[in-house]
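Visitor: Residue numbers (mature numbering (1 follows the signal peptide of the UniProt record, and there is no 0)): 1 to 292.
Here a beta-carbon is modelled for each residue, glycine too, at the ideal position from N, C-alpha and C.
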Ligand SMILES: NC(=O)C1=CN([C@@H]2O[C@H](COP(=O)(O)OP(=O)(O)OC[C@H]3O[C@@H](n4cnc5c(N)ncnc54)[C@H](OP(=O)(O)O)[C@@H]3O)[C@@H](O)[C@H]2O)C=CC1
Ligand SMILES: C[C@H](CCC(=O)O)[C@H]1CC[C@H]2[C@@H]3C(=O)C[C@@H]4C[C@H](O)CC[C@]4(C)[C@H]3CC[C@]12C
């Protein structure tokens, strides 16, 4: 708690005129981050797949007072697209101050179904595209002494059931970015890396996927979005949000891991039957919660 507590000197003026990319900004936490940044007077570049939604987000950002707002649409399943987004920032602004990596590809909340291809695709979207964007953005971020913000989850520190593919991608983010942070410190690279460990947040997609199965109440996406920007601007190593729940879980993970696991399972409604494993060479997937 001591190490991850932010100094209380955040000022929204810190973001005025800053050039910020927000991925996964057509809905949920990413959309709310775009609105906060716009209100603070930042230049924002938002990205996701759905152009119609991004257009609306950009319009709203302009109304809220963004220094400028634009979007690029496409899928992060393709690392070439991830690099293209960063190049768009370079061509438009000639530099970059903050890279907020937030998007996730669709997964399911259920027993692991044995589909290895799904995990490969999810790793491309949720992990490899984050690495590709970081590599492309690094020269600009070194120049501006900027910030990389990586949005992860308690599922990337203390996994629960029914989210094996998703959880794997979030653990990968911690391994990569926490190692890279060490290297930046050793080499005096003044680019901060903030890993955001989030509990359950009330976004439409998360609620649709798990509200029937989770006993804990979700935290508000607007406040969560503000905390992410704040911790990135303050160059914190990690954000734990909501702090009570996440800090409690991480403390228990060290002190009483078996008890924590029991607690996690007790907060999730048990599903009736395990999903049949895919036969070799097939990809028998359970219906996703949204499709049912
Ligand atoms: N909500 C929660 O309870 C929690 C969320 N988090 C993390 O917070 C972050 C945001 O979550 P949340 O706001 O709930 O998510 P949402 O589902 O609301 O938003 C996901 C965003 O990613 C975009 N996206 C989806 N697929 C792709 C793709 N293939 N390529 C590019 N963009 C894509 C979506 O837009 P489009 O479909 O238009 O492409 C959307 O803008 C994630 O990293 C998540 O892991 C962590 C813990 C809990
Ligand atoms: C299954 C959701 C993604 C599916 C989709 O594309 O719609 C997950 C997105 C966020 C996950 C939640 C999260 O990260 C916090 C908790 C982590 C625990 O280990 C499991 C419960 C979570 C609420 C988790 C549930 C799945 C998601 C909603």
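Below 8 Å between beta carbons: does that hold for residue 201 and residue 149?
Guide: No, the pair does not count as a contact, with Cβ atoms beyond the cut-off.
Visitor: Is residue 211 close to ligand 1? I mean its beta-carbon at under 7 Å from any heavy atom of the ligand.
Guide: Not under cutoff, so the answer is no.
Visitor: Using beta-carbon positions only, say whether residue 246 and residue 240 come within less than 8 Å of one another.
Guide: In contact: residue 246 and residue 240 (Cβ atoms closer than 8 Å).
Visitor: Quick check: the region 35 to 48 against the region 57 to 75, are there 3 or more CB pairs under 8 Å?
Guide: In short, these stretches touch, since the Cβ pair count reaches three.
Visitor: Would you say residue 173 and residue 156 are within 8 Å of each other, going by their C-beta atoms?
Guide: Against a cut-off of 8 Å, the Cβ pair of residue 156 and residue 173 comes out as a contact.
Visitor: Assuming residue 19 and residue 138 are in contact, meaning their beta carbons sit under 8 Å apart, how far apart are those beta carbons, in whole angstroms?
Guide: 15 Å between Cβ atoms; not a contact.
Visitor: Taking all protein chains shown into account, do 16 or more other C-beta atoms lie within 10 angstroms of the C-beta of residue 179, making it buried, or fewer, making it exposed?
Guide: Residue 179 comes out exposed.
Visitor: I want to check one thing, is the minimum distance from the CB of residue 106 to the heavy atoms of ligand 1 below 7 Å?
Guide: It does: the Cβ of residue 106 is within 7 Å (strictly closer) of some heavy atom of ligand 1.
Visitor: For residue 147, which three-state DSSP category applies?
Guide: Strand, per DSSP.
Visitor: Could you check where the beta strand (DSSP E) with residue 45 kicks off and where it finishes?
Guide: Segment 43 to 48, the beta strand (DSSP E) holding residue 45.
Visitor: Looking at residue 31: is its Cβ nearer than 8 Å to the Cβ of residue 72?
Guide: Not a contact, by the Cβ cut-off of 8 Å.
Visitor: Which residue or residues does DSSP assign as beta-bridge partners of residue 106?
Guide: Note: residue 106 sits in no beta bridge, so no partner.
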